[in-house]
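Following: one structure in structure tokens, then a few remarks.
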Amino acid sequence: GNTVRLQAIKDVEAYVPPAVSFVGDEKPGEIFGENVFSKVVMQKRLPKSVFKSVMATIDKGKKLDPMVADAVASAMKDWALEKGATHYAHVFYPLTGLTAEKHDSFFDPVGDGSALAEFAGKTLIQGEPDASSFPNGGLRNTFEARGYTGWDVTSPAYVLENPNGNTLCIPTVFVSMTGEALDHKTPLLRSQQAMGGHAERILKLFGHENIENIVSFCGPEQEYFLVDRHFFLARPDLLNAGRTLFGSKPPKGQEFDDHYFGAIPERVLGFMMDTERELFKLGIPAKTRHNEVAPGQFEIAPMFERGNIAADHQQLLMTTFKTIAKKHGMECLFHEKPFEGVNGSGKHVNFSLGNSDLGSLLVPGDNPHDNAQFLVFCAAVIRAVHKYGGLLRASVASATNDHRLGANEAPPAIISIFLGDQLADVFDQIAKGAATSSKGKGTMMIGADTLPVLPTDPGDRNRTSPFAFTGNRFEFRAPGSMQTVNGPMVTINTIMAEALDYMATNLEAAVADGTDFDTAVQNLLTEIITEHGAVVFNGDGYSDNWQIEAEERGLPNLRTTLDALPELISDSAMELFEKYKVFNHREMHSRYEIGLEQYALTVFVEARLTLEMGQTSILPAAVRYQTELAQNVSALKGAGVDDVDMTALQAVSAPLSELRAALATLKGALEADPGGDALAEATHAKDELLPAMAAVRSASDTLEAMVADDLWPLPTYQEMLYIL
Ligand code: ADP
Ligand code: MG
3 GNTVRLQAIK
13 DVEAYVPPAV
23 SFVGDEKPGE
33 IFGENVFSKV
43 VMQKRLPKSV
53 FKSVMATIDK
63 GKKLDPMVAD
73 AVASAMKDWA
83 LEKGATHYAH
93 VFYPLTGLTA
103 EKHDSFFDPV
113 GDGSALAEFA
123 GKTLIQGEPD
133 ASSFPNGGLR
143 NTFEARGYTG
153 WDVTSPAYVL
163 ENPNGNTLCI
173 PTVFVSMTGE
183 ALDHKTPLLR
193 SQQAMGGHAE
203 RILKLFGHEN
213 IENIVSFCGP
223 EQEYFLVDRH
233 FFLARPDLLN
243 AGRTLFGSKP
253 PKGQEFDDHY
263 FGAIPERVLG
273 FMMDTERELF
283 KLGIPAKTRH
293 NEVAPGQFEI
303 APMFERGNIA
313 ADHQQLLMTT
323 FKTIAKKHGM
333 ECLFHEKPFE
343 GVNGSGKHVN
353 FSLGNSDLGS
363 LLVPGDNPHD
373 NAQFLVFCAA
383 VIRAVHKYGG
393 LLRASVASAT
403 NDHRLGANEA
413 PPAIISIFLG
423 DQLADVFDQI
433 AKGAATSSKG
443 KGTMMIGADT
453 LPVLPTDPGD
463 RNRTSPFAFT
473 GNRFEFRAPG
483 SMQTVNGPMV
493 TINTIMAEAL
503 DYMATNLEAA
513 VADGTDFDTA
523 VQNLLTEIIT
533 EHGAVVFNGD
543 GYSDNWQIEA
553 EERGLPNLRT
563 TLDALPELIS
573 DSAMELFEKY
583 KVFNHREMHS
593 RYEIGLEQYA
603 LTVFVEARLT
613 LEMGQTSILP
623 AAVRYQTELA
633 QNVSALKGAG
643 VDDVDMTALQ
653 AVSAPLSELR
663 AALATLKGAL
673 EADPGGDALA
683 EATHAKDELL
693 PAMAAVRSAS
703 DTLEAMVADD
713 LWPLPTYQEM
723 LYIL
């Protein structure tokens, strides 16, 4: 018994975590934004006219004046050099869902053998990474392999520290030669512009003047697991697929609910302090942290920001977490379902829209029935989610999120809206004609005079709804923990653009016809809730009844990625995205193709790993144990013992044969040629590989409960989830 696993346990026990790096009397407030080329820095360092021009683009959405680039580049370079940067990088977000960056040195050699720091405006504005190996879904022919990065002035540049040298990072879009999007940022900016424009039309009707730059806001809540790195490295499945492909449930799971909001373990707290310090320096407003439901599971929620910045920050947060976890001897797992049998991880996307003058346009106030402007924006959400629920579902579709959605711990695959008591009641009244009252806020008497009287929230909580109103925003809970928030945000922005466009056009026409504005709003709200109210559901989304009722209401129930992805190339989706200039047909097709490719790739990797681990570590362990038992039996027989007990030997032999058979089937499925296109590959992965993997796992998990502990090669669930 000298397994990697037993060695890992010894190493974990001996491990001493590093000290937290908040040093001396350093204050979080002082380091916040320290490494960001922020408005304050720009104001100090840019000529006044340049600063004004840049701010007009950032705050008011005005066209970027290319004339400012040289001045900004030069100020940025000086600032970055002072911060110890030696290189600059255009950072972009290709369709792998990861972050990509191409680094160049600031220093160019000059004739006399020395080097000069150079950074011109044109280098800031445009880069040209050799990008031929990023997924493009047919958007780029191999002979036209070029991709271009373009400066996104609305997301601030920053210096990323690294013990081996600092880098100036510039957020950029990534497009093909023809300007088609090869990334996640381009469509986010396009969709935001579309939604903002139509929101402004509505606001004008409500008498607002000089409305500037309505944007989407996003507050992403990120769930994740931490495991000790010794265990992580002893699990090829975690290392290569991000999730365990084997492992029987631990005797103690999450049934005691003793982890949720429990005291944070000291070692994890050290990690959290360290990540927050790094996030603060990068201007990422880390705010809430707590234990999550499953053992080993945690959450971080930064303060919400403008969608585009929140999305970039979210990507940066994930890479920061990965790096700092390693420093603390742990691995941070973002996979949606690293462990079967305990909760998976999501990334709730909290969405609202507004601007700095008006705040969030989704704030109901004390009397929502009387707040026509709020009701119009809220009705837009209802229409959007009802008309395009399938697209929202497609925006969160992935092989990894399939393990989580609908698994009685995460929202179902049916997209519905939760409004809460108060709003549901208001819209009920609207459906019947007009809303005349709002259920008020109650107070809560706790029964001890020394305690404060607490207000109760009329929009109460419902954890089972995929799209829930939570007081001043909607919370989309279906996105997976590993995803970028861009995909969901692009979809929300675009379907909101359509709804707001429809409503603005309706109201403008009514007003032009001489209808009184209040009456026009009233009629429109009644129409919308009558046509689209079917998407509102305030009950238990986990119940079986809901599956049936949702079908009666005509809501789609797209269970898997392969059910959901075709939504992207439906006529209505193509029309929608084309009309609002977010994606053309080619771009839509490319996203569909890439969705299929990524799905198939993920499952194929897992299938190969299952085969390899099954053959090279689980089968041998089980065979050794079987041999031990067989030797024991023959030794006893040889010693003349009557009635030798064969049950243990027989018991282990049955799942062992199952394992052999299941491995053979899986091998066959992996060798089969599904033929041709991405859809065929993905379908083969779903229908042949996934069930074959499940059979291997089932036999292996049975064996895990039988084989002698000192022979078992893989760290167990118990060890990975409980030793931190
Ligand atoms: P909960 O667990 O109750 O959902 P959290 O505090 O974990 O709440 O996270 C809530 C998230 O919603 C935070 O990121 C917060 O900044 C964000 N949020 C709050 N108000 C808005 C808003 N108006 N628009 C978008 N996001 C918001
Ligand atoms: Mg939360």
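So the sequence shown is numbered by full-length UniProt numbering: it starts at 3 and just counts up by one. For every residue, glycine included, the Cβ atom is placed at its ideal position computed from N, Cα and C.
The alpha helix (DSSP H) enclosing residue i, as first and last residue numbers
{"i": "Phe376", "result": "Ala374 to Lys389"}
{"i": "Ser218", "result": "First-last for Ser218: Val217 to Asp230, but that is the beta strand (DSSP E), not the alpha helix (DSSP H)."}
{"i": "Arg291", "result": "Arg291 -> not in any alpha helix (DSSP H); beta strand (DSSP E) instead, spanning Ala288 to Asn293."}
{"i": "Phe108", "result": "Phe108 -> no alpha helix (DSSP H), and no H or E assigned at all."}
{"i": "Met708", "result": "Counting along the chain, Met708 falls outside any alpha helix (DSSP H), and DSSP gives it neither H nor E."}
{"i": "Ala684", "result": "Ala680 to His686"}
Spatially closest choice to residue i from the options, by CA coordinates
{"i": "Thr704", "options": "Ala183, Ser659 and Ala687", "result": "Ser659"}
{"i": "Ser545", "options": "Ala437, Glu554 and Pro413", "result": "Pro413"}
{"i": "His350", "options": "Phe606, Thr321, Gln316 and Gly367", "result": "Gln316"}
{"i": "Ser362", "options": "Val537, Asn474, Leu603 and Gly86", "result": "Asn474"}
{"i": "Ser572", "options": "His587, Arg561, Val229 and Gly209", "result": "His587"}
{"i": "Ile172", "options": "Gly181, Ser178, Gly115 and Asp154", "result": "Asp154"}
{"i": "Ala426", "options": "Lys187, Gly86, Phe539 and Asp359", "result": "Phe539"}
{"i": "Phe39", "options": "Leu162, Ser51 and Leu100", "result": "Leu162"}
{"i": "Thr604", "options": "Asp404, His534 and Ala664", "result": "Asp404"}
{"i": "Phe306", "options": "Lys289, Pro490 and His89", "result": "Lys289"}
{"i": "Ala386", "options": "Glu500, Asn357 and Asn352", "result": "Glu500"}
{"i": "Val18", "options": "Pro622, Asp644 and Gly331", "result": "Gly331"}
{"i": "Ile432", "options": "Val523, Gly392, Asn495 and Gly356", "result": "Val523"}
{"i": "Lys583", "options": "Pro20, Glu36 and Gly181", "result": "Gly181"}
{"i": "Ser358", "options": "His186, Ile213, His591 and Leu319", "result": "Ile213"}
{"i": "Phe323", "options": "Ile596, Glu301, Val537 and Ser134", "result": "Glu301"}
Under 8 Å between C-beta atoms of residue i and residue j
{"i": "Glu225", "j": "Ser483", "result": "yes"}
{"i": "Ala91", "j": "Lys104", "result": "yes"}
{"i": "Thr156", "j": "Val175", "result": "no"}
{"i": "Ile11", "j": "Glu721", "result": "yes"}
{"i": "Met78", "j": "Leu126", "result": "yes"}
{"i": "Gln299", "j": "Ser400", "result": "no"}
{"i": "Leu526", "j": "Leu509", "result": "yes"}
{"i": "Ser418", "j": "His371", "result": "no"}
{"i": "residue 728", "j": "Gly199", "result": "Only positions 3 to 726 of the chain appear in the structure, and residue 728 is not among them; the question remains open."}
{"i": "Leu716", "j": "Ala236", "result": "yes"}
{"i": "Ala75", "j": "Asn168", "result": "no"}
{"i": "Ser193", "j": "Val492", "result": "yes"}
{"i": "Ser347", "j": "Phe227", "result": "yes"}
{"i": "Arg203", "j": "Ala437", "result": "no"}
{"i": "Ala296", "j": "Val217", "result": "no"}
{"i": "Thr562", "j": "Met695", "result": "no"}
{"i": "Leu190", "j": "Gly309", "result": "yes"}
{"i": "Ala623", "j": "Val709", "result": "yes"}
Residue i Cβ short of 7 Å to the ligand ADP heavy atom set
{"i": "Asn350", "result": "Here residue 350 turns out to be His, not Asn, going by the sequence shown. Because some heavy atom of the ligand ADP lies under 7 Å away, the Cβ of His350 counts as near it: yes."}
{"i": "Asn495", "result": "no"}
{"i": "Met305", "result": "yes"}
{"i": "Thr466", "result": "no"}
{"i": "residue 1", "result": "Lying before the first or after the last residue shown, residue 1 is absent from the chain, which here runs from 3 to 726."}
{"i": "Ser354", "result": "yes"}
{"i": "Thr486", "result": "no"}
{"i": "Glu477", "result": "yes"}
{"i": "Thr612", "result": "no"}
{"i": "Asn357", "result": "no"}
{"i": "residue 2", "result": "One cannot answer for residue 2 here, as it falls past the ends of the chain, which runs 3 to 726."}
Where the beta strand (DSSP E) through residue i begins and ends
{"i": "Phe208", "result": "No beta strand (DSSP E) holds Phe208; DSSP gives it neither H nor E."}
{"i": "Asn168", "result": "Asn168 to Ser178"}
{"i": "Phe353", "result": "Lys349 to Asn357"}
{"i": "Gln299", "result": "Gln299 to Pro304"}
{"i": "Gly152", "result": "Gly149 to Trp153"}
{"i": "Leu162", "result": "Tyr160 to Leu162"}
{"i": "Met332", "result": "Met332 to Leu335"}
Any non-hydrogen atom of the ligand SAH within 7 Å of residue i CB
{"i": "Thr277", "result": "Only the ligand ADP and the ligand MG can be found as ligands here, which leaves the ligand SAH out of the picture."}
Just list the alpha helix (DSSP H) runs in the region 610-667, keeping only unbroken ones of 4 residues or longer that don't cross its boundaries, in chain order.
Counting only runs of 4 or more, we get 621-640.
Run through the region 17-95 for me and flag every whole alpha helix (DSSP H) of 4 or more residues, listed as ranges in chain order.
Every unbroken stretch of the alpha helix (DSSP H) spanning 4 or more residues and falling wholly within the region 17-95 is given here in chain order: 30-33, 41-47, 50-62 and 71-84.
Within the region 489-541, note down every full alpha helix (DSSP H) run reaching 4 residues or more, in order along the chain.
For the region 489-541, whole alpha helix (DSSP H) runs of length 4 or above, ordered along the chain, are 519-534.
At what residue ranges does the region 550-575 contain a whole run of the beta strand (DSSP E), taking only runs of 3 or more?
None, since the region 550-575 contains no complete beta strand (DSSP E) of that length.
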